[in-house]
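Those letters in the sequence shown? Residues 339 to 470, per the numbering used here, in order.
The C-beta atom is built at its ideal place from N, Cα and C for all residues, glycine as well.
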Amino acid sequence: MAGQIPKPVVDSDSKPYWDGLNNHELMIQHCDDCSKHIFYPRLLCPHCFSDQISWTQASGQGKIYSYTVVHRAFGPFADQAPYVVAIVELAEGVRMMTRITGNREDIAIGKPVTVTFEKVDDDLTLPYFKLV
339 MAGQIPKPVV DSDSKPYWDG LNNHELMIQH CDDCSKHIFY PRLLCPHCFS
389 DQISWTQASG QGKIYSYTVV HRAFGPFADQ APYVVAIVEL AEGVRMMTRI
439 TGNREDIAIG KPVTVTFEKV DDDLTLPYFK LV
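Next comes the structure, spelled out in structure tokens:
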């Protein structure tokens, strides 16, 4: 590998998300006041500004909202190219940036995907998605 990949900063707002990934669970937030799901982790609901937020396990099902193929990467990602970076819209309505694994020729906007968990090292697991 061209170098060690950068690690996320785990704070009190995002710890349940990262802990969930290490347990192969995709955790997202849910506003107890307006009932909308939230991603990325934060203190206040971006929809109604409530602080009544809880964590819930997402279904892991979604569809490709947008994507691009990275053909030239630098630094610690150089030896991983080409790879697909996508915005996936989860069934719960939130969107997240992720990687799509599998045959690049089959990837298209709107195609259904499901979460997989990529163990980077003993401390970090990332959510990737694959075509259903």
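Are any of the Cβ atoms in chain C nearer than 9 Å to that of residue i?
{"i": "Gln395", "result": "Reference to chain C is not applicable here, since this structure consists of a single protein chain."}
Alpha carbon to alpha carbon, how far is residue i from residue j?
{"i": "Gly448", "j": "Val470", "result": "12 Å"}
{"i": "Phe377", "j": "Tyr466", "result": "16 Å"}
{"i": "Leu428", "j": "Ile438", "result": "14 Å"}
{"i": "Asp459", "j": "Thr406", "result": "26 Å"}
{"i": "Arg482", "j": "Lys468", "result": "The question about residue 482 has no answer here: the residues shown for the chain are numbered 339 through 470."}
Is it true that the CB of residue j sits closer than 9 Å to the CB of residue i?
{"i": "Pro379", "j": "Ser352", "result": "yes"}
{"i": "Asp370", "j": "Ser397", "result": "no"}
{"i": "Phe415", "j": "Val422", "result": "no"}
{"i": "Cys372", "j": "Ser388", "result": "yes"}
Could you check which residue in the options has the C-alpha nearest to that of residue i?
{"i": "Met434", "options": "Phe415, Ile366 and Gln395", "result": "Ile366"}
{"i": "Val451", "options": "Gly400, Cys386 and Tyr421", "result": "Gly400"}
{"i": "Ile445", "options": "Gly413, Tyr403 and Phe455", "result": "Tyr403"}
{"i": "Phe300", "options": "Asn360, Gly440, Pro346 and His409", "result": "This structure does not reach residue 300, given that the chain is present from 339 up to 470, and the question cannot be answered."}
{"i": "Thr394", "options": "His368, Val348 and Gln418", "result": "His368"}
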